[in-house]
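Visitor: Each residue of the sequence shown is one higher than the one before, starting from -15 at the first, in the numbering used here.
Provided herewith is a single structure, encoded as structure tokens, for subsequent inquiry.
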Amino acid sequence: MKPILFSFLFMLTPNPLNALASVEVTVMENAIFYPLNMFLLVERGRFLGAVIFLSYEKNNQGDFVRYRNYGYQYSSNSWQEENEGTIAFRNLSWWQRAMGAIGFHTPPIARIRPIKWKNLTLFAQPSMDGRHATILFGASPTRLDPTIKFAPTPWRTIEEVNPKDPRLKWYEAGNPELKFKIYDLWK
């Protein structure tokens, strides 16, 4: 009886291992549903990038996720920060609502900002749960790029990110849907 009670109490206590194990990633046929505060590696041909989603905010203008991205410099084997920005799903402005009332509707795609590197743009949007972002395998939801690959990682600082780590598992467009806890990949 004591071991069961002990293990139950252990699950209820604030334990960083329990919190880390609850981080879920969903890889879909056309996108990846990715948690905040962990690096996602992005590869297309010789380009290698990393992106981390820093924070989620919802206000009267829409849903916003701040991100920071990096490009890998093969010559120096180091990461260089390229951009810090915001992906957003904006609410309709007053004039867009007025135009919609008379029959001219603004498509939802027009209200989304992409993630941009120097050599790559990816279509992304905040997820409404406030803990994830959704990134597509391409710059447009209607055109996927089969050369783009994503590798989920548990790393939280750019100094930890090692593109040569043998535990990296790459996913590309067309995969069947997978849902897993990110730390299960690194056991």
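Every residue gets a Cβ at the ideal spot worked out from N, C-alpha and C, and that includes glycine.
None of these values were measured; they are calculated from a predicted model.
1. Compute the beta-carbon to beta-carbon distance between I99 and P136, rounded to the nearest angstrom, for a pair I have assumed lies under 8 Å.
2. Shortest alpha-carbon distance to G46 belongs to which of E13, F37, R97?
3. With distances taken Cα to Cα, identify the nearest neighbour of T28 among T70, S60, N103, V35.
4. According to DSSP, is E156 helix, strand or coil?
5. Kindly indicate which residue of N159, L32, E8 has the alpha-carbon position closest to the one of Y58.
6. Can you grab the Cα-Cα spacing for the pair L128 / P160, in whole Å?
7. Indicate whether T105 and I16 have their beta-carbon atoms separated by less than 9 Å.
8. Let me know the secondary structure DSSP gives L169 once reduced to three states.
9. G55: which of I36, A108, T131 sits nearest, CA to CA?
10. Is the beta carbon of L162 sitting closer than 9 Å to the one on R151?
11. Can the beta-carbon of N67 be found less than 9 Å from the beta-carbon of R50?
12. Do P19 and V11 come within 9 Å of each other at the CB atom, strictly closer than that value?
Guide: Taking the coordinates as given:
1. In fact, because the Cβ distance is near 16 Å, the residues do not count as touching under 8 Å.
2. R97
3. Here the sequence assigns Arg to residue 28, which means Thr is not the residue at that position. The shortest C-alpha separation from R28 is found at N103.
4. strand
5. L32
6. 15 Å
7. no
8. helix
9. I36
10. no
11. no
12. no
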